[in-house]
Structure formats: C-alpha cells, structure tokens
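Peer 1:
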Amino acid sequence: MPNIPAFIDALQPEDLAILRQRGPNQVLDRAMVHAFDRAAGGPGEGRGYYVVRDRLEPLAHPDHRRYYLREDVAAAVFAARLEGASGAGS
4 MPNIPAFIDA LQPEDLAILR QRGPNQVLDR AMVHAFDRAA GGPGEGRGYY
54 VVRDRLEPLA HPDHRRYYLR EDVAAAVFAA RLEGASGAGS
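So for the sequence shown, this note's numbering puts the first residue at 4; every next one is plus one.
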C-alpha cells in the first residue's frame, strides 16, 4: 500500500509546486511521471500514485496513455497545501 505522506515528503519542492499549480485533475506529463518515480524509489515505482483514466487500446503505446493523480493522492497533496496556508497567518 502506498505511503502517501512519505511520497509527498520525497517529492522535490519544485515538483510539488508545479503539481499544486496545475491542480488535482491535471494530466501528468512525462516529467511529472518521472518525478513521481524518483520520489517513490526509482523507475516505475511511482505507479501506485497515479492512474490511467482514459480507455486504453490493447496495444496502446505507454507514451499515449494519460496519467492522473490517484484521488487519495490528490486529496493529500492539496489538503497539505490548504493546511499550510491556514497556518500561515496564525
């Protein structure tokens, strides 16, 4: 089972900033998929944190797949941003 808090902590600050800027329903580009893999431990390891939502043809090339944040990952990424923002003025 993916450890979402540890994964978020392992993302590079610039990758996390881009992720948050683009929003929870973004299509993850190749650079972001690679950032997820790095944060999760290496090539292909980020697969537990993103999903394919579009219908795939049986022989679809991986470069043609559209990857999105898993809903629970998106909730954690964007909840952390809101919690940080709410504490900023205190």
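Glycine included, C-beta positions come from ideal geometry on N, C-alpha and C. Everything numeric in this text was worked out from a predicted model, so none of it was measured.
Taking Cβ positions, are V55 and R73 nearer each other than 7 Å?
Peer 2: Reading the sequence shown from its first residue, position 52 is the one you call residue 55. Reading the sequence shown from its first residue, position 70 is the one you call residue 73. Result no, Cβ atoms of V55 and R73 do not sit closer than 7 Å.
Peer 1: Consult DSSP for V54 and reduce its assignment to one of helix, strand or coil.
Peer 2: Start at 1 with the first residue of the sequence shown, and residue 54 comes out as number 51. Residue state, collapsed to three classes: strand.
Peer 1: G49 and D40 - do their beta-carbons sit closer together than 7 Å?
Peer 2: Start at 1 with the first residue of the sequence shown, and residue 40 comes out as number 37. Start at 1 with the first residue of the sequence shown, and residue 49 comes out as number 46. Against a cut-off of 7 Å, the Cβ pair of G49 and D40 comes out as a contact.
Peer 1: By the three-class DSSP mapping on this structure, what secondary structure does G90 have?
Peer 2: In the sequence shown, residue 90 corresponds to position 87, counting from 1. Annotation note: pLDDT 45 at G90 (below 50); position unreliable, coordinate value reported separately. Of the three classes helix, strand and coil, the one that applies to G90 here is helix, per DSSP.
Peer 1: Excluding the 5 residues preceding and the 5 following A82 in the sequence, name in chain order all residues of the same chain whose CB lies nearer than 8 Å to its CB.
Peer 2: Against the sequence shown, residue 82 aligns to sequence position 79. Result list for A82: empty, nothing under 8 Å.
Peer 1: Just how far apart, CA to CA, sit Q15 and A42?
Peer 2: Here residue 15 corresponds to residue number 12 of the sequence shown, with the count starting at 1. Here residue 42 corresponds to residue number 39 of the sequence shown, with the count starting at 1. So the alpha carbons of these two residues sit roughly 8 Å apart.
Peer 1: Taking its Cβ as the centre, do 16 or more other Cβ atoms sit within 10 Å of I38, making it buried, or is it exposed?
Peer 2: Within the sequence shown, numbered from 1, the residue matching residue 38 stands at position 35. According to the sequence as given, residue 38 is Ala; it is not Ile. Looking at its Cβ environment, which holds 16 or more other Cβ atoms inside 10 Å, A38 is buried.
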